[in-house]
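Below you'll find the structure, written out as structure tokens, and then a few comments.
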């Protein structure tokens, strides 16, 4: 007989019949998504060798945003060859010291970019300008900051400082534009060395003293990457302290839920750097570590300030604040008036029926006359040399109406 399933059996006849099932759905044609079209275009360009030579080494152009928030056109290759990238790196031929910053929309020409030795001279020129006009630039920057204080947000004490800082004065705007042009020329030439760190450090200091926290934070981000890459700088301790103070101040911002996590992460990095330096006998900083430990005096001081700030010990904080090294006081400036107002709230609740004005001034780090002016701004009356504390309401929201004299 036939084998099971053969043509002569009932089973074989059944298997030859079409199996029952759902009817096939009609195919629906839809427009491909932009992502799919982009992938298809990339594959097509790769097959055609668009943008480069043969041998699978063809490249293509893509627009990306650089770390300085400017649009830069860069080349990506199918073959990872550092020699190709090095050969295509622009080598500047421009010999001009003065150059304004413009956002790039295409690959710059060599005659538009200054070489490293010219950039060194350009930075020295800006440092001379800053030394000669520092007081005037800072004064005009403070006047612009006073305008920003009108829109102060109590829940976000840093917001008012970021509102009016991009163009604080003609002098600072010029200085900032020149510094960003130097940074841009370094970027397009792929120059990452000690001089690059020096440029960002100088610009960060100028931005701090002109209350431009946006530009300061951009410089700090770049410095963090440069330090982590193992680039040496004598100022790494100074800028580690700034990062710690800034992170600690951000924890006061109720809207910033990630501030505490960022602070803990930074403190962990500092603790690691301290241990590595101790085990290594104070040798060179390991690659990948962007901070230094508490063996640096500025970092150790910033740790004490952070502890006082975290514990709400305003008395200890303002005693330490007066001796803060480098420009650490400028980092803390945005939260200073709020801290003073909070300290006054605690004193008004703790001392009845009055408190000496001299004592209040000492506790918040101000002269008696400045303390009296600050108290009146908060709605607290001053009676001669005393401050009545009975039935007094402190208006903390008015603390930042004037930030020009609170250093």
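In UniProt numbering, the protein residues as written are 1 to 407. From the three backbone atoms N, C-alpha and C, an ideal C-beta is built for every residue, glycine too.
*Beta carbon of residue 270 nearer than 9 Å to that of residue 294*: yes
_First and last residue of the uninterrupted beta strand (DSSP E) at residue 355_ = 354–356
*asked:* Threshold first: 4 residues or longer. Then list the alpha helix (DSSP H) segments lying entirely within the stretch 92–148, N to C.
replied: 116–148
*Can you name the residues that DSSP bridges to residue 387?*
355
*Report buried or exposed for residue 193, applying the criterion of at least 16 other Cβ atoms within 10 angstroms of its Cβ.*
exposed
*Figure out for me which residue from 93, 313, 383 and 227 has the closest Cα to the Cα of residue 416.*
Within the shown structure, residues of the chain are numbered from 1 to 407, placing residue 416 beyond reach of any answer.
*asked:* Only counting the same chain, and skipping five residues up and downstream in sequence, which positions put a Cβ closer than 6 Å to that of residue 237?
replied: 292, 296, 298 and 299
*Report yes if the C-beta distance between residue 120 and residue 195 is below 9 Å; otherwise report no.*
yes
*Reduced DSSP secondary structure (H/G/I, E/B, other) of residue 210*: coil
_Cβ-Cβ distance between residue 352 and residue 390 below 9 Å_ = In terms of Cβ geometry, residue 352 and residue 390 form a close pair [threshold 9 Å].
*asked:* I need the DSSP call for residue 382, collapsed to helix, strand or coil.
replied: Here residue 382 sits in coil by DSSP.
*Going by Cα to Cα distance, which pick from 122, 380, 367 and 38 is closest to residue 354?*
380
*the stretch 322–333 / the stretch 205–214 touching (three or more Cβ pairs under 8 Å)*: Taking a cut-off of 8 Å for Cβ pairs, the stretch 322–333 and the stretch 205–214 touch, as three or more such pairs fall below it.
*When you compare only the Cα positions, how much space is there between residue 222 and residue 266?*
16 Å
*In or out: residue 257 buried (at least 16 other Cβ within 10 Å) or exposed?*
exposed
_My output table needs one value for residue 257: the three-state DSSP class, helix, strand or coil._
Here DSSP, grouped into helix, strand and coil, assigns residue 257 to coil.
*Which full runs of the beta strand (DSSP E) of 3+ residues lie inside the UniProt domain "SAC3/GANP/THP3 conserved" (296–382), going along the chain?*
354–356
*Give the single residue among 110, 100 and 176 whose Cα lies nearest to the Cα of residue 89.*
Taking the Cα of residue 89 as reference, the smallest distance to any Cα among 110, 100 and 176 is reached at 110.
*asked:* My output table needs one value for residue 231: the three-state DSSP class, helix, strand or coil.
replied: coil
*Please name the residue in 306, 220 and 100 whose C-alpha comes closest to that of residue 455.*
With the chain represented from 1 up to 407, any question about residue 455 goes unanswered, as that position is not in the structure.
_Alpha-carbon to alpha-carbon, residue 98 and residue 341_ = Going by C-alpha positions, residue 341 is about 45 Å away from residue 98.
*asked:* Closest to residue 197 by C-alpha separation, out of 362, 228 and 375, would be which residue?
replied: Ranking the options by Cα distance to residue 197, first place goes to 228.
_Just to confirm, is the Cβ distance from residue 200 to residue 219 under 9 Å?_
In this structure, residue 219 lies closer than 9 Å to residue 200 by Cβ.
_Given residue 104 as reference, the closest of 184, 127, 36 and 37 once Cα atoms are compared_ = Minimum Cα distance to residue 104 is reached at 184.
*Where residue 186 and residue 273 are concerned, what is the direct C-alpha to C-alpha distance, given to the nearest angstrom?*
29 Å
*By DSSP, does residue 291 sit in helix, in strand, or in coil?*
Annotated three-state conformation of residue 291 is coil, per DSSP.
_Neighbourhood of residue 393 by C-beta, 8 Å cutoff - its chain only, sequence neighbours within 5 removed_ = Hits under 8 Å: 379.
*Helix, strand or coil: how does DSSP classify residue 400 here?*
coil
*Rank 134, 176, 368 and 317 by C-alpha distance to the C-alpha of residue 385 and give the top, closest one.*
Of the candidates 134, 176, 368 and 317, the one whose C-alpha sits nearest the C-alpha of residue 385 is 368.
*Given residue 191, which residues of its chain have a CB within under 7 Å of its CB, disregarding the five upstream and five downstream residues?*
116.
*asked:* Give me, in chain order, the residues of the same chain whose beta-carbon lies closer than 8 Å to that of residue 304; leave out the 5 immediate sequence neighbours on both sides.
replied: So the qualifying residues of the chain are 320.
*asked:* Short of 6 Å in beta carbon distance, which residues of its chain neighbour residue 235, apart from the five on each side in sequence? Order them along the chain.
replied: 201
*For residue 45, three-class secondary structure by DSSP*: helix
*For residue 329, which residues of its own chain have a beta-carbon under 6 Å away from its beta-carbon, when the five flanking residues on both sides are left out?*
none
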